[in-house]
Amino acid sequence: MWNRPMTDREYLELVHAEIDGELDGGQRGELARRVLADPAVRAVREDLRRLCAKLDAIEDVEAPAQLRTNILQALPVSATPRTRFHWPAPRWRYAALIAGVLGATALVYETVDGPGPGSAEVAGTIAARGAPRTLDTVALGAGPVAGRVSLYRDGGGLGVAFELAASAPVDVLIANDGHTIRVNGLGRTGTAKQRTTVALPGSGTDGSGVVELTLLMSGREVGRATLTVPAEH
Amino acid sequence: MREDDDPALVRRCRDGERSAFEQLVVRYQKPVYNAALRMLHDPQDAMDVAQTTFLKAFEHLADYDPSFKFYSWIYRIAVNESLNALGARKSLEAINGEEPDEAPGPDTQVEGEQTGRAIEDALMRITPELRSVVVLRHLMQLSYRDMSDILGLPEKTVKSRLHSARMALRQDLLRCGTVR
Numbered sequence: 001m002w003n004r005p006m007t008d009r010e011y012l013e014l015v016h017a018e019i020d021g022e023l024d025g026g027q028r029g030e031l032a033r034r035v036l037a038d039p040a041v042r043a044v045r046e047d048l049r050r051l052c053a054k055l056d057a058i059e060d061v062e063a064p065a066q067l068r069t070n071i072l073q074a075l076p077v078s079a080t081p082r083t084r085f086h087w088p089a090p091r092w093r094y095a096a097l098i099a100g101v102l103g104a105t106a107l108v109y110e111t112v113d114g115p116g117p118g119s120a121e122v123a124g125t126i127a128a129r130g131a132p133r134t135l136d137t138v139a140l141g142a143g144p145v146a147g148r149v150s151l152y153r154d155g156g157g158l159g160v161a162f163e164l165a166a167s168a169p170v171d172v173l174i175a176n177d178g179h180t181i182r183v184n185g186l187g188r189t190g191t192a193k194q195r196t197t198v199a200l201p202g203s204g205t206d207g208s209g210v211v212e213l214t215l216l217m218s219g220r221e222v223g224r225a226t227l228t229v230p231a232e233h
Numbered sequence: 234m235r236e237d238d239d240p241a242l243v244r245r246c247r248d249g250e251r252s253a254f255e256q257l258v259v260r261y262q263k264p265v266y267n268a269a270l271r272m273l274h275d276p277q278d279a280m281d282v283a284q285t286t287f288l289k290a291f292e293h294l295a296d297y298d299p300s301f302k303f304y305s306w307i308y309r310i311a312v313n314e315s316l317n318a319l320g321a322r323k324s325l326e327a328i329n330g331e332e333p334d335e336a337p338g339p340d341t342q343v344e345g346e347q348t349g350r351a352i353e354d355a356l357m358r359i360t361p362e363l364r365s366v367v368v369l370r371h372l373m374q375l376s377y378r379d380m381s382d383i384l385g386l387p388e389k390t391v392k393s394r395l396h397s398a399r400m401a402l403r404q405d406l407l408r409c410g411t412v413r
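If you read the protein sequences in the order shown, they are chains U and H. With the first letter of the first sequence counted as 1, position 152 gets the number 152 in the working numbering; the numbers rise by one all the way through. With the first letter of the second sequence counted as 1, position 77 gets the number 310 in the working numbering; the numbers rise by one all the way through.
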C-alpha cells in the first residue's frame with residue numbers, strides 16, 4: 001500500500017475509523033486530503049458522522065417498574081440441576097412470563113384418550129389416601145415450573161403427587177396403563193408449593209410400568225417427565 | 234455501574250443467595266431492557282425478552298465463566314434472546330435493498346425528535362444481525378472487544394459488520410430523506 005493510491009473502500013474504512021476515534025496522525029492527514037479533494041467522500045463522511053451522532057444521542061429509557069418483580073417472582077424456587085425432566089425450546093417462556101399472577105387452584109379432569117375411567121374411579125381421585133409409599137420422584141427446578149412430582153402407591157393403587165409452583169397455571173397430561181387424564185390448574189400459587197395428589201384410574205394394586213407426564217402452559221407443552229414403577233412393585 | 238463486584242455477586246448467587254441475584258437484576262435490568270427494546274422496537278416484547286434473559290442467566294449461572302465480564306455474558310443472552318424473538322416474528326421485514334414502507338419524502342423531513350424516531354425506524358429495517366452491532370456500539374457504548382465477546386465474533390468481523398450496518402442505515406435514511 002506504499003505507493004498505490006487508496007481505494008474508495010479504504011477511504012471509507014478511514015471514515016469509520018475516524019468516527020470510532022481510531023485514526024493515527026498519518027491516516028488523519030490522508031483522509032483530510034481526500035475529503036478536500038473528493039466531494040463524494042466528503043458527503044459520505046458527513047452523513048456517517050451525523051448518523052452516528054444521532055445514534056449515540058438516543059437515550060435509554062427506564063425499565064418498566066414491574067420488570068424486576070416479574071423476574072424475581074418467576075425464578076425457580078430451587079436451582080435443582082436438571083434430572084430426567086426435559087424443558088423444550090424457550091418459546092414457552094413468553095406465554096409463561098406474560099401470564100398473570102396467582103389464583104386459587106382449580107382442578108378439572110377430562111379423559112383425553114384411551115378407555116375412560118368410570119365415574120366411580122374418577123370420583124374422589126383428588127383426595128389423599130393414608131400412608132402412601134413413594135416409588136419414584138422427579139425434581140423440577142430449571143424451568144418454568146419448580147417443585148417435584150412423585151409417584152406413590154397407597155391402598156387404592158398408584159397415584160401421582162404434585163408439589164409445584166409456577167408463574168402461570170400448569171395443566172398436566174398423565175398417561176399410564178392406556179389411560180390419559182388431564183389435570184388443569186396446578187402450580188398457580190407462585191413460590192408456595194401446593195401438594196395435589198391424583199390417583200391413576202385403572203391402576204389397581206398391581207399397576208406397573210411407566211407414567212408419562214406432559215406439562216402444559218397456555219396450551220403449549222413446556223416439558224415432559226417419566227415416573228417409573230420399580231420392578232418389585 | 235460497579236461491575237467490578239459482579240463476580241462476588243455471582244458467587245453468592247451460586248451459593249444460593251437469591252438477594253445477590255436481585256442485585257444483579259437491579260444493576261442490569263435497564264441496559265438489558267434497552268438492548269431488547271432497540272432490537273425489537275416493542276416494549277412488551279422487550280420486557281418478555283428481558284425477563285427471559287435474567288431467568289436464563291439464573292438457570293445457567295453454573296455455566297458462567299468468570300474470566301468474562303458478567304455484563305458481556307448477560308448482554309450476549311439478551312442479544313440472542315432478541316434474535317430468537319425476532320425469528321419468531323413472521324411479519325418482520327428484513328430490508329436491506331428494499332423500499333421501506335410508508336417512507337416519508339424529503340419534503341416531510343423534520344429535525345430533532347422526529348429525526349431520532351426516523352433513525353430508530355430505520356434500525357428496524359436493517360437485518361437483525363446488523364442491528365445488533367449498532368445497538369451494542371452506539372446505544373450501549375461498548376468497545377469492539379466487548380462486542381466481540383458478546384457476539385462470539387472476531388473483532389475484525391464485528392467492525393466490518395458495523396461498517397456495513399452504518400452504510401445500510403445511511404442508504405435507508407437517504408431514501409427517506411432523513412439524512413442531508
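Glycine included, each C-beta is placed from N, C-alpha and C at the ideal position. These numbers were taken from a predicted model, which means no experiment stands behind them.
Beta-carbon spacing of residue i, residue j below 8 Å
i: U/Ala-166; j: U/Val-145; result: yes
i: H/Ala-268; j: H/Val-312; result: yes
i: U/Ile-242; j: H/Phe-303; result: Because chain U is modelled from 1 through 233, residue 242 of chain U falls outside the range shown and cannot be assessed.
i: H/Ala-398; j: H/Leu-363; result: yes
i: U/Gly-156; j: U/Thr-197; result: no
i: U/Leu-164; j: U/Gly-147; result: yes
i: U/Leu-31; j: U/Leu-55; result: no
i: H/Val-259; j: H/Ala-283; result: no
i: H/Ile-359; j: H/Ala-401; result: yes
i: U/Val-172; j: U/Leu-227; result: no
i: H/Arg-247; j: H/Leu-319; result: no
i: H/Leu-369; j: H/Ile-383; result: yes
i: U/Val-149; j: U/Ala-225; result: yes
i: H/Met-280; j: U/Leu-215; result: no
Assigned exposure category for residue i - 16 Cβ within 10 Å defines buried
i: H/Thr-285; result: buried
i: H/Gln-262; result: buried
i: U/Glu-59; result: exposed
i: H/His-371; result: buried
i: U/Leu-36; result: exposed
i: H/Val-343; result: Unreliable placement is indicated for H/Val-343, whose pLDDT of 46 sits below 50; no coordinate value is reported for it.
Closest by C-alpha distance to residue i, when choosing among the options
i: U/Asp-20; options: H/Tyr-377, H/Thr-390 and H/Arg-408; result: H/Tyr-377
i: U/Leu-200; options: U/Ala-65, U/Arg-224, U/Leu-23 and U/Arg-153; result: U/Arg-153
i: H/Ser-393; options: H/Cys-409, H/Val-367 and H/Ser-305; result: H/Val-367
i: H/Ser-305; options: H/Asp-379, H/Asp-275 and H/Glu-388; result: H/Asp-379
i: U/Pro-169; options: U/Glu-13, U/Ala-74 and U/Arg-34; result: U/Ala-74
i: U/Pro-230; options: U/Leu-151, U/Arg-195 and U/Asp-8; result: U/Leu-151
i: H/Ser-365; options: H/Gly-349, H/Gln-347 and H/Tyr-308; result: H/Tyr-308
i: H/Thr-348; options: H/Leu-407, H/Asn-317, H/Phe-254 and H/Ala-318; result: H/Leu-407
i: H/Asp-354; options: H/Pro-387, H/Leu-273 and H/Asp-382; result: H/Leu-273
i: H/Arg-403; options: U/Gly-187, U/Glu-212, U/Thr-214 and U/Ala-53; result: U/Ala-53
Contact with chain H by residue i, beta-carbon distance below 8 Å
i: U/Glu-62; result: yes
i: U/Arg-68; result: yes
i: U/Ile-58; result: yes
i: U/Ala-168; result: no
i: U/Asp-177; result: no
i: U/Ala-74; result: yes
i: U/Leu-55; result: yes
i: U/Asp-47; result: yes
i: U/Ile-71; result: yes
i: U/Leu-200; result: no
i: U/Leu-51; result: yes
Test: residue i CB closer than 8 Å to a CB of chain U
i: H/Met-357; result: no
i: H/Thr-348; result: yes
i: H/Glu-353; result: yes
i: H/Met-380; result: no
i: H/Ala-283; result: yes
i: H/Arg-244; result: no
i: H/Glu-255; result: yes
i: H/Cys-409; result: no
i: H/Arg-399; result: yes
i: H/Met-272; result: no
i: H/Phe-303; result: no
i: H/Tyr-266; result: yes
Delimiting residues of the beta strand (DSSP E) encompassing residue i
i: U/Thr-228; result: 220–228
i: U/Glu-212; result: 210–217
i: H/Phe-301; result: Careful: H/Phe-301 lies outside any beta strand (DSSP E) and carries neither H nor E.
i: U/Thr-180; result: 179–186
Residue interval of the alpha helix (DSSP H) (run including residue i)
i: U/Glu-59; result: Looking at the DSSP string, U/Glu-59 is not in any alpha helix (DSSP H), and its letter there is neither H nor E.
i: U/Glu-22; result: That residue, U/Glu-22, is in no alpha helix (DSSP H); it is neither H nor E in DSSP.
i: H/Ile-383; result: 377–384
i: H/Asp-239; result: 239–247
Test: residue i CB closer than 8 Å to a CB of chain C
i: H/Arg-251; result: No chain C appears in this structure, whose protein chains are U and H.
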